[in-house]
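Asks:
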Amino acid sequence: MPVEIERKFLVVSDGWREHAAGQRFCQGYLARTDGVTVRVRRAGSRAYLTVKGEPNGIVRPEFEYEVPVEEAEAMFKLCHRPLIEKTRYEVPHAGLVWHVDEFAGDNAGLVLAEVELNHPEQPVEIPPWLGQEVSHDPRFRNSRLASAPQRQAIPEHHAASLQEAAPAATSSRIAESCSTTNAGAVQAAFCS
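Under full-length UniProt numbering, think of the first position of the sequence shown as 1, with each following residue one higher.
Right under this line is the structure:
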């Protein structure tokens with residue numbers, strides 16, 4: 001069975017930016033029940049339908065299928081609101097690729113980093129731009145961020161660093177391009 005083995009951290013400085021290339025993501029949740037989620041995601045010119053099972057520590061079942069972009073666009077209209085709006089950056093560090101997610105919309109100001117591992121005990125060199133590990137904190141799962149945004153839950157001492165890492169101009173530009181034109185339609189500028 002395919003699994004995802006992932007560790008996740010709050011980002012506390014912008015030391016990662018000079019090594020990063022970003023891509024905008026738009027994703028929504030068709031179902032969220034008892035630890036199981038069904039997600040649709042658009043990343044550039046590709047789209048995916050993903051089913052994730054209940055986590056066991058940092059390991060969880062994950063099934064991902066590429067779907068036609070047109071079908072993903074139709075599925076967005078069926079998703080719970082709000083949609084997750086973010087730019088994902090790939091940042092190499094010590095032989096691993098970290099995914100740094102800079103959120104917009106309802107989670108603007110939140111920056112998280114995650115790394116996928118081959119096995120739960122794999123040693124990981126933690127980059128200096130990371131803060132608290134939130135791998136076991138369900139508040140920082142994307143499915144939870146869609147229903148309970150966390151920018152207000154970021155500890156005070158992290159907030160200033162996160163604001164440096166997510167300049168207001170960038171956040172508002174992304175938010176404008178991701179905004180919904182009405183409750184059922186995603187603005188084409190972001191999801192196209």
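Backbone N, C-alpha and C define an ideal beta-carbon position, used for all residues, glycine too.
1) Inspect the beta-carbon positions of ARG88 and GLY28 and report whether they are closer than 9 Å.
2) Do VAL40 and GLY53 have their C-beta atoms closer together than 9 Å?
3) Compute the beta-carbon to beta-carbon distance between LEU112 and LEU10, rounded to the nearest angstrom, for a pair I have assumed lies under 8 Å.
4) Can you check which of these residues, GLU70, VAL100 and GLU18, is closest to GLU6 by C-alpha distance?
5) Determine the extent of the alpha helix (DSSP H) in which ARG151 is found, giving its start and end residues.
6) Give the range of the alpha helix (DSSP H) segment to which VAL69 is assigned.
7) If I measure Cβ to Cβ from ASN142 and keep anything under 6 Å in the same chain, skipping five residues before and after, which residues do I get?
8) Could you give the distance in angstroms between the alpha-carbon of PRO92 and the alpha-carbon of CYS26?
9) Look up PRO92 in the DSSP assignment and give the residues it is bridged to.
10) Using only the alpha-carbon positions, how far apart do VAL124 and VAL69 sit?
11) Name, in chain order, the residues that DSSP records as bridge partners for CYS26.
12) Does DSSP put PRO167 in a helix, a strand or coil?
Replies: Looking at the atomic coordinates:
1) Contact: no.
2) no
3) The beta-carbon separation of LEU112 and LEU10, rounded to 6 Å, stays under the 8 Å limit for a contact.
4) VAL100
5) That residue, ARG151, is in no alpha helix (DSSP H); it is neither H nor E in DSSP.
6) 69-76
7) For ASN142, where only same-chain residues beyond five positions count, the Cβ hits under 6 Å are ILE84.
8) PRO92 and CYS26: Cα-Cα distance of roughly 23 Å.
9) VAL97
10) 35 Å
11) According to DSSP, which records beta bridges pairwise, CYS26 is partnered with ARG42 and GLU85.
12) With a pLDDT of 44 at PRO167, under the threshold of 50, the predicted position of this residue should be treated as unreliable, though the coordinate-derived value follows. The answer is coil: DSSP assigns PRO167 none of H, G, I, E or B.
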